Structure formats: structure tokens, C-alpha cells
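First comes the structure, then the notes that go with it.
Residue numbers (my numbering): 1 to 119.
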């Protein structure tokens, strides 16, 4: 286990205090193990490397826990029928910072379409 994984939980009085402490953590790096290729409409292409969720979560989870933070997200349908991704950053104090992102797919779409929109 890394030093981060063995870290003791630090209590913070508020969500903002926990976020400030989380943001000050040293040694948070992500391996960029994936490559994307972008084809340009005008012709040509380029590639870039990126860190996907599988690269990021192992590094972030222990630090979130250390500072009393958690993250949730789930697809949902608004009262108007639009599909959205609802998310919340939560703190052990009970404070949250939540919102939603429109997914751009119709209600009742195929699970594969919903999964692609979430990704």
C-alpha cells in the first residue's frame, strides 16, 4: 500500500475546508495509459494520451476518504423527460455540492445509448 492509502482520516468542519485540504495533497498523479485518435473533418488526424476513470480512481479514492469526501453520480430523468447525469460531492458533515448534466439522449433510449452519453 502507498503512503496515501495508509493515511489517517482528517476531520474537516466543512465541505470547503475538506476540498481545500484535498487540493493541497502532494503526489497525486495519473498514468495516461489510453490513446485517442481524432480524425479532422478537413482531413488528417492527431492522437493524444489521456487518463481514463480506471487510471484516476485508484489515486483519488483514498484521498477522498481521508478528507471525509465522497462522489456519487447516476442517470436520471427530469420532470420534463430529459435524461441527465445527476452528481453530488458529499462531505462527512452532511454538506453536498450537487448538480446535473444533460445527456442529450431521449428518455426510453437503449441502454447502450445511455451508457455512451454518460461516458
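Idealized CB from N, CA, C, for every residue including glycine.
Remember, predicted model here, so these are calculated numbers, not experimental data.
Exercise. With contact counted as at least three CB pairs below 8 Å, one residue from each stretch, are the region 39-58 and the region 70-79 in contact?
Worked result: no
For this session: Could you pull out every unbroken beta strand (DSSP E) segment of at least 3 residues lying fully inside the region 75-118, listed in chain order?
Result: 83-91 and 96-102
Exercise. What's the C-alpha gap between residue 63 and residue 29?
Worked result: 12 Å
Problem set entry | Cβ-Cβ separation, residue 50 to residue 34 (assumed contact under 8 Å), whole Å | 5 Å
For this session: Compute the Euclidean distance between the alpha carbons of residue 105 and residue 83, then round it to the nearest angstrom.
Result: 6 Å
For this session: Tell me residue 36's beta-bridge partners as DSSP assigns them.
Result: 48
Exercise. On the premise that residue 14 lies in contact with residue 67, defined as a C-beta separation below 8 Å, what is that separation, rounded to the nearest angstrom?
Worked result: 11 Å between Cβ atoms; not a contact.
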